[in-house]
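Novice: Going by the working numbering, the sequence shown opens with residue 2, and the numbers climb by one from there. All C-beta atoms in this analysis are idealised placements derived from N, C-alpha and C, irrespective of residue type, glycine included. The structure presented is a predicted model; accordingly, all values stated were derived computationally and were not measured.
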Amino acid sequence: FVKIVQSILSRPYLKQIEFNVAFDFNLDIENEFSKNFHVEEIKLRSTNLSLTAWRNIYDALPNIRKVKVIMCEDIENLVVILKGLSNFKNLKFLHVTIRNRDRCKIFNEPRIRDCFVFIRDNFPMKTKVIITDMNSTNLIEKEEGNEPKIVNGKSRFSRYLS
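The following block contains the structure:
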């Protein structure tokens with residue numbers, strides 16, 4: 002997997018990357034990847050990437066403007082993933098989908114409140130952020146220039162999800 006990611010990141014004029022990673026074991030990537038300054042958009046779908054792997058992929062892409070993440074694992078790591086994403090100076094749009102069967106459990110989860118506080122305190126005003134569940138019900142929204150809010154409604158941003 003490391004060789005595949007390194008090969009992808011070494012493409013000089015690559016603008017967009019989509020990773021769809023599904024493993025039956027926890028893949029812990031300790032390797033750092035070479036930086037690619039051309040990539041502006043990334044979509045990550047993961048079932049078992051370690052936080053180190055997430056961090057190494059993000060570190061290799063310093064000019065990201067648009068990030069879409071589909072999380073299939075427990076949301077306990079979401080704040081840590083958000084910490085890595087908040088370091089992108091040029092980030093304009095972040096969309097995270099949490100895939101979990103129990104929507105009510107996710108919305109009532111204290112971790113959503115932790116994510117809200119982190120987004121409020123660490124994401125630039127220019128960044129649009131959406132945290133949603135697998136039914137496209139928004140849990141947290143932050144529009145450009147506004148403070149984030151915890152919501153429980155259908156996405157008004159569906160045009161950005163394609």
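Measuring alpha carbon to alpha carbon, tell me which residue in F89, G146, P13 and M72 is nearest D134.
Specialist: Ranking F89, G146, P13 and M72 by Cα distance to D134 puts M72 first.
Novice: State the CB to CB distance for the pair I113 and F89, rounded to an integer number of angstroms; the pair is presumed to be in contact (CB under 8 Å).
Specialist: Contact doesn't hold; Cβ gap of about 22 Å is too wide.
Novice: Cβ atoms of I43 and I9: under 7 Å apart, would you say?
Specialist: No, they are not a contact pair.
Novice: Could you tell me which of C116, K129, S35 and P125 sits nearest to L79, measuring between CA atoms?
Specialist: The option with the nearest alpha carbon to L79 is C116.
Novice: In chain order, what residues of the same chain have a beta carbon less than 8 Å from the beta carbon of E144, not counting five sequence neighbours either side?
Specialist: Within the same chain, E144 has close Cβ partners K129.
Novice: Residues bridged to E33 by DSSP?
Specialist: None, per the DSSP bridge assignment.
Novice: Give me the Cα-Cα distance between L86 and K4, rounded to the nearest whole angstrom.
Specialist: Taking the straight line joining both Cα atoms gives about 23 Å.
Novice: Quick check on the DSSP output: the alpha helix (DSSP H) that includes N123 runs from which residue to which?
Specialist: First-last of the alpha helix (DSSP H) with N123: P111 to N123.
Novice: What separation, rounded to the nearest whole angstrom, lies between the Cα atoms of D122 and T98?
Specialist: Distance between the alpha carbons of D122 and T98 is about 21 Å.
Novice: Can you say whether V40 is buried or exposed, counting buried as having 16 or more other CB atoms within 10 angstroms of its CB?
Specialist: Answer is buried; the Cβ neighbour count reaches 16.
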